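Chemist:
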Amino acid sequence: MIRSLRSRLLVGIIGGIILLLIVFSVIIYTVIRRSLITQFDSSLASTAQMLSAAVEQDGNTIDLELDVRKMPEFQSAEGPTYYQFWVGDGTATIRSPSLGKDDLPLFEGSPDSLVFRALPIRNGRPGRAVSFKFKQKLEKHERREKNSELERDKQQPEERFLILIVARDASDLYYQLQFLRWLLIAASGGTITLSLLVAVFVVREGLRPLNLLAEDIAAISEDNLEARIPLGSMPEEIAPIVNRLNDLLARLKKLFDRERHFTADVAHELRTPLAGMRSTLEVTLHQSRNANEYQTALSDCLSITKKMQLMVNNLLILTRFEARQMTFRCERIQLAELVDSCWRSFSQRALQRNIVFENRIPAETSCESDPDSLSMVMLNLLDNAVEYTNEAGKIWATARLASSFLEISISNTGCRFSNEEASQVFDYFWRADSSRTDTGIHCGLGLALVQRIVKALYGRTIVEVQDGGIFTVRLLLAKGPAAIYP
Amino acid sequence: MRLLLVEDYRPLRQSLTKGLREAGFAVDTTGDGKEGLWYAMGSEYDVIILDIMLPGLNGLEILKKIRSKGRKSHVLILTAKDTVEDRVAGLDLGADDYLVKPFAFEELLARVRALLRRSYRRKNPRINIEGMRIDLTTHRVWRGRQEISLTPREYALLEYLAMRAGQTVSRSDIWEHVYEFNSSASSNVVDVYIGYLRRKIELPGRPALIRTVRGRGYILGAQS
Numbered sequence: 001m002i003r004s005l006r007s008r009l010l011v012g013i014i015g016g017i018i019l020l021l022i023v024f025s026v027i028i029y030t031v032i033r034r035s036l037i038t039q040f041d042s043s044l045a046s047t048a049q050m051l052s053a054a055v056e057q058d059g060n061t062i063d064l065e066l067d068v069r070k071m072p073e074f075q076s077a078e079g080p081t082y083y084q085f086w087v088g089d090g091t092a093t094i095r096s097p098s099l100g101k102d103d104l105p106l107f108e109g110s111p112d113s114l115v116f117r118a119l120p121i122r123n124g125r126p127g128r129a130v131s132f133k134f135k136q137k138l139e140k141h142e143r144r145e146k147n148s149e150l151e152r153d154k155q156q157p158e159e160r161f162l163i164l165i166v167a168r169d170a171s172d173l174y175y176q177l178q179f180l181r182w183l184l185i186a187a188s189g190g191t192i193t194l195s196l197l198v199a200v201f202v203v204r205e206g207l208r209p210l211n212l213l214a215e216d217i218a219a220i221s222e223d224n225l226e227a228r229i230p231l232g233s234m235p236e237e238i239a240p241i242v243n244r245l246n247d248l249l250a251r252l253k254k255l256f257d258r259e260r261h262f263t264a265d266v267a268h269e270l271r272t273p274l275a276g277m278r279s280t281l282e283v284t285l286h287q288s289r290n291a292n293e294y295q296t297a298l299s300d301c302l303s304i305t306k307k308m309q310l311m312v313n314n315l316l317i318l319t320r321f322e323a324r325q326m327t328f329r330c331e332r333i334q335l336a337e338l339v340d341s342c343w344r345s346f347s348q349r350a351l352q353r354n355i356v357f358e359n360r361i362p363a364e365t366s367c368e369s370d371p372d373s374l375s376m377v378m379l380n381l382l383d384n385a386v387e388y389t390n391e392a393g394k395i396w397a398t399a400r401l402a403s404s405f406l407e408i409s410i411s412n413t414g415c416r417f418s419n420e421e422a423s424q425v426f427d428y429f430w431r432a433d434s435s436r437t438d439t440g441i442h443c444g445l446g447l448a449l450v451q452r453i454v455k456a457l458y459g460r461t462i463v464e465v466q467d468g469g470i471f472t473v474r475l476l477l478a479k480g481p482a483a484i485y486p
Numbered sequence: 487m488r489l490l491l492v493e494d495y496r497p498l499r500q501s502l503t504k505g506l507r508e509a510g511f512a513v514d515t516t517g518d519g520k521e522g523l524w525y526a527m528g529s530e531y532d533v534i535i536l537d538i539m540l541p542g543l544n545g546l547e548i549l550k551k552i553r554s555k556g557r558k559s560h561v562l563i564l565t566a567k568d569t570v571e572d573r574v575a576g577l578d579l580g581a582d583d584y585l586v587k588p589f590a591f592e593e594l595l596a597r598v599r600a601l602l603r604r605s606y607r608r609k610n611p612r613i614n615i616e617g618m619r620i621d622l623t624t625h626r627v628w629r630g631r632q633e634i635s636l637t638p639r640e641y642a643l644l645e646y647l648a649m650r651a652g653q654t655v656s657r658s659d660i661w662e663h664v665y666e667f668n669s670s671a672s673s674n675v676v677d678v679y680i681g682y683l684r685r686k687i688e689l690p691g692r693p694a695l696i697r698t699v700r701g702r703g704y705i706l707g708a709q710s
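Protein chains in written order, with this note's numbering: chain F, 1 to 486; chain A, 487 to 710.
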């Protein structure tokens, strides 16, 4: 298999041309050769006819008419015509004088038919011969009619066949054919050479758009993904490729932008707590202080560290979920139990802010899913709820089994943003109120994480804000193990 | 010198406020953008330290608004975003300097001092007025060879007078630039502190450094 398109095209074109030229040359040569030989042979045949008509009988011997014998074509020194008559029993009779004592080769066909043959004639020159087998003409003499039966019998040889061989020097013919052969070979060779040059040029020109495309593509690096390959004068066979490439570039650009944006966001989110920690430490160390001040500074730094740790952990989990690197177990989970055990981590915080929690999930509701992932989802949702519920507000959890899916909702009171704003909650680092960044360990990744996890569990997350500031996150999980193992 | 710090991240805001106050600045502080704008419009701050990502009102918006109102305060932007575009956007909107988080507190102090010198057109961090030398960097003061020990409040007052040496400085100017918004002191505290300062820096038998301009205020050094 030839890998280069150019070589493939060249081999195809040149191979085709060579094949066609050979076929045409052979046909032309064959046709011309046949017609030349036919012409030659028909001239031989007419000479043979003429000779056979000029046979004279003289008793047992035969002779040719003198004026025929004197004809110039039998006399010519160069390329003469030779003839020789044979009697049926193989005895040579009359021969052309130019033959001298030589014989022409004897061959015969059926009576009254002409048989042609190529043969070397005198001096080894190429020639062609015709053999004509015919009944000798009867010459009835008065005298013989009166003869006895015996004499009649003696006249039986009148019935014998004569074989005439006429040969002619065909070196001119063969020379012409040879010339024709060389002419055809030379013409074919020339044509092939020329067509090779033309084909190389045409193929190169034809493939130029591909080279241009390659150059265009090579010019695109990760830094200028917004560049597009110009469609310009691209041939219509390449245009679809260019369009697909541009689509691909657009997708890549979007992906890169998202990555870049995300990295910038992460850097920003990590820089702010780092700045807080650094300035807390530097200001504290700037002069000597009492134990109380050191303690405050250290506990500030500790809580910043915890926040950063959580954020790094969440980022890691998020990346793993996005890359689908997580492995899931599939177990039957008692939902109410799971939610209760998740709530335990927040009950103290809720108590401090007089927040009431109601687990309204029926005790018998269960589902098949990955307990770790579902716990992570619940922990995040409850954490958010505790964080954003108003003082002395309420949080409640419900679950509903529908025919094909399980719906789990976590709602809380005290929501201060609109449904439009609510749609942003899944964005990375989005916070309902960024001034709250200092109050807790929230880094704006919780709901983004919830959404990614639920998606990995083949579910959907819906967020809505109802009248009275009730914020609800609804998880729709497909029922059964199919949810995890599609 | 009076500063305004607008920063929403509590640990950073608290530590910066503490550090800046310890460095002798009067610092007003808030974590909310709208409140920050209200502060900036209300007083003539020497330097405003502004975070960009703020709840309520974005730092760049605040900057735009105070510049459009013709406020001359020097503005130093604190940002966690370090792309060239972010910095250019801030500087083009009229910021005088920027710092990328996280930064060294000493650097912030040095930049604030540099901005202060710029706003009072003093390139030299050492001020010399009729034999009294003030080192703006170390906050030390000498009269002749004798170093004078001042409380931070006294130093702040002297520094402000020295920055505007030769000019008549009104009591309200002093009030604006040396005392914090939430300060419980009343305006006659200025006269009290001028008294403390005079007792420490004036030498018997030498012409007074701080002179009272009746009905208008005080003047440090010879009138320019």
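Ideal placement from N, C-alpha and C gives every residue a C-beta, glycine not left out.
Treat the numbers as computed from the prediction; the structure is a model and nothing was measured.
Are three or more beta carbon pairs between the region 536 to 551 of chain A and the region 501 to 510 of chain A nearer than 8 Å?
Modeler: no
Chemist: Taking only beta-carbon positions, decide if residue 304/F is within less than 8 Å of chain A.
Modeler: Start at 1 with the first residue of the first sequence, and residue 304/F comes out as number 304. Yes, residue 304/F lies at the interface with chain A (some Cβ there is under 8 Å from its Cβ).
Chemist: Residue 288/F by DSSP, collapsed to three states: which one?
Modeler: Numbered from 1 along the first sequence, position 288 holds the residue referred to as residue 288/F. Looking at residue 288/F - three-state DSSP - the assignment turns out to be coil, as it is neither helix nor strand.
Chemist: Output, in chain order, the set of chain A residues within a Cβ distance shorter than 9 Å of residue 282/F.
Modeler: The sequence position of residue 282/F within the first sequence is 282, counting from 1. Result: 501, 505, 590, 591 and 592.
Chemist: Considering residue 495/A, what are the terminal residues of the beta strand (DSSP E) in which it resides?
Modeler: For the purposes of this step, residue 495/A is taken as the residue at position 9 of the second sequence. No beta strand (DSSP E) holds residue 495/A; DSSP gives it neither H nor E.
Chemist: In the structure shown, what three-state DSSP assignment does residue 666/A receive?
Modeler: Position 180 of the second sequence, counted from the start, is the residue given in the question as residue 666/A. In the structure shown, residue 666/A sits in coil (DSSP, three-state: anything other than H, G, I, E or B).
Chemist: Quick check on residue 278/F - is its C-beta less than 8 Å from some C-beta in chain A?
Modeler: Taking the first residue of the first sequence as 1, we reach residue 278/F at position 278. Answer yes: the Cβ-Cβ gap between residue 278/F and chain A drops below 8 Å somewhere.
Chemist: Give a yes or no on contact between the region 345 to 360 of chain F and the region 315 to 324 of chain F, applying the rule of three or more CB pairs nearer than 8 Å.
Modeler: no
Chemist: So if DSSP puts residue 92/F in a beta bridge, which residue, or which two residues, is it bridged to?
Modeler: Stepping through the first sequence from its first residue, residue 92/F is reached at position 92. DSSP lists 86/F as partners of residue 92/F.
Chemist: What does residue 587/A touch in chain F if you count any residue whose Cβ is under 8 Å from its own?
Modeler: The residue given as residue 587/A occupies position 101 in the second sequence. Neighbours of residue 587/A on chain F, chain order: 271, 272, 274 and 275.
Chemist: Please determine, among 338/F, 188/F and 471/F, the residue with the shortest C-alpha to C-alpha distance to residue 23/F.
Modeler: By 1-based counting over the first sequence, the position of residue 23/F is 23. The shortest C-alpha separation from residue 23/F is found at 188/F.
Chemist: Using a Cβ-Cβ cut-off of less than 9 Å, list which residues of the region 258 to 270 of chain F approach chain A; keep chain order.
Modeler: 264, 267, 268, 269 and 270
Chemist: For the putative contact between residue 90/F and residue 106/F, defined by C-beta atoms under 8 Å, what is the C-beta separation to the nearest angstrom?
Modeler: Looking up residue 90/F in the first sequence gives position 90. Looking up residue 106/F in the first sequence gives position 106. Rounded, the Cβ-Cβ distance is 7 Å, consistent with contact.
Chemist: Give the C-beta separation of residue 164/F and residue 29/F to the nearest angstrom, bearing in mind that I take them to be a contact with Cβ-Cβ under 8 Å.
Modeler: Within the first sequence, residue 164/F is the residue found at index 164, counting from 1. Within the first sequence, residue 29/F is the residue found at index 29, counting from 1. With a Cβ gap of about 31 Å, residue 164/F and residue 29/F do not count as contacting.
Chemist: Going by DSSP, what residues sit across from residue 226/F in a beta bridge?
Modeler: Counted from its first residue, the first sequence places residue 226/F at position 226. Beta-bridge pairing links residue 226/F to no other residue.
Chemist: Taking three-plus beta-carbon pairs below 8 Å as touching, is the region 671 to 680 of chain A in contact with the region 618 to 627 of chain A?
Modeler: no
Chemist: Does residue 300/F come within less than 8 Å of chain A when only Cβ atoms are used?
Modeler: Taking the first sequence and counting its residues from 1, one reaches residue 300/F at position 300. For residue 300/F, the answer is yes, since a Cβ of chain A falls inside 8 Å of its Cβ.
Chemist: Should the region 330 to 338 of chain F be called in touch with the region 362 to 382 of chain F, which here means at least 3 C-beta pairs below 8 Å?
Modeler: yes
Chemist: With a cut-off of 8 Å, does the C-beta of residue 287/F fall near any C-beta of chain A?
Modeler: What you label residue 287/F is simply residue 287 of the first sequence in a count that begins at 1. Chain A has a Cβ within less than 8 Å of the Cβ of residue 287/F.
Chemist: So, with DSSP's three-state summary, where would you put residue 434/F?
Modeler: Stepping through the first sequence from its first residue, residue 434/F is reached at position 434. Residue confidence for residue 434/F is low, a pLDDT of 48 falling below 50, so the modelled location carries little weight; the figure read from the coordinates is stated next. Helix.
Chemist: Taking only runs that begin and end inside the region 605 to 641 of chain A, name each unbroken beta strand (DSSP E) of 3 or more residues, in chain order.
Modeler: 612 to 615, 618 to 621, 626 to 629 and 632 to 634
Chemist: Taking residue 228/F as the reference, which of 235/F, 234/F and 217/F has the closest Cα?
Modeler: The residue given as residue 228/F occupies position 228 in the first sequence. The shortest Cα separation from residue 228/F among 235/F, 234/F and 217/F belongs to 217/F.
Chemist: Quick check: the region 334 to 348 of chain F against the region 459 to 476 of chain F, are there 3 or more CB pairs under 8 Å?
Modeler: They do not touch, by the three-pair rule.
Chemist: By the 7 Å beta-carbon criterion, what residues does the region 542 to 574 of chain A contribute toward chain C?
Modeler: Among the protein chains in the structure shown, which are F and A, there is no chain C.
Chemist: In the structure shown, what three-state DSSP assignment does residue 171/F receive?
Modeler: As a first step, residue 171/F must be located in the first sequence, where it is residue number 171. Correct three-state label for residue 171/F: helix.
Chemist: Since residue 252/F contacts residue 225/F with CB under 8 Å, what's their CB separation in whole angstroms?
Modeler: Numbered from 1 along the first sequence, position 252 holds the residue referred to as residue 252/F. Numbered from 1 along the first sequence, position 225 holds the residue referred to as residue 225/F. Correct: roughly 6 Å between the Cβ atoms.
Chemist: Put residue 357/F into one of helix, strand or coil per three-state DSSP.
Modeler: What you label residue 357/F is simply residue 357 of the first sequence in a count that begins at 1. Strand at residue 357/F.
Chemist: Grab me the residues of residue 546/A's own chain with a C-beta within less than 7 Å of its C-beta, minus the 5 sequence neighbours each way, in chain order.
Modeler: On the second sequence, position 60 is the one that residue 546/A refers to. Closer than 7 Å at the Cβ level, and outside the excluded window around residue 546/A, lie 538, 575, 576 and 579.
Chemist: Among 647/A, 550/A, 702/A and 679/A, which has the Cα closest to the Cα of residue 487/A?
Modeler: In the second sequence, residue 487/A corresponds to position 1, counting from 1. Answer by Cα proximity: 647/A.
Chemist: Contact defined as beta carbons within less than 8 Å: I believe residue 597/A pairs with residue 622/A. What is the distance between those atoms, to the nearest angstrom?
Modeler: As a position in the second sequence, residue 597/A is number 111, starting the count at 1. As a position in the second sequence, residue 622/A is number 136, starting the count at 1. Contact between residue 597/A and residue 622/A does not hold, since their C-beta atoms are separated by about 13 Å, which reaches or exceeds 8 Å.
Chemist: Under 8 Å between the Cβ atoms of residue 213/F and residue 6/F?
Modeler: The residue labelled residue 213/F in the question sits at position 213 within the first sequence. The residue labelled residue 6/F in the question sits at position 6 within the first sequence. Not a contact, by the Cβ cut-off of 8 Å.
Chemist: Can you tell me the Cβ-Cβ gap for residue 367/F and residue 455/F, rounded? I've got them flagged as a contact below 8 Å.
Modeler: One-based indexing of the first sequence puts residue 367/F at position 367. One-based indexing of the first sequence puts residue 455/F at position 455. Incorrect: roughly 17 Å between the Cβ atoms, too far for contact.
Chemist: What are the partner residues of residue 463/F, as DSSP defines its beta bridges?
Modeler: As a first step, residue 463/F is located in the first sequence; it is residue number 463 there, counting from the start. 473/F, per the DSSP bridge assignment.
Chemist: Check each candidate in 701/A, 687/A and 702/A and name the one with the smallest Cα separation from residue 695/A.
Modeler: Here residue 695/A refers to the residue found at position 209 when the second sequence is read from its first residue. Among 701/A, 687/A and 702/A, the Cα nearest to that of residue 695/A belongs to 687/A.
Chemist: Where does residue 280/F fall in DSSP's three states?
Modeler: For the purposes of this step, residue 280/F is taken as residue 280 along the first sequence, with counting starting at 1. Three-state result, residue 280/F: helix.
Chemist: How many Å lie between residue 594/A and residue 513/A at the Cα?
Modeler: Stepping through the second sequence from its first residue, residue 594/A is reached at position 108. Stepping through the second sequence from its first residue, residue 513/A is reached at position 27. C-alpha separation (whole angstroms): 14 Å.
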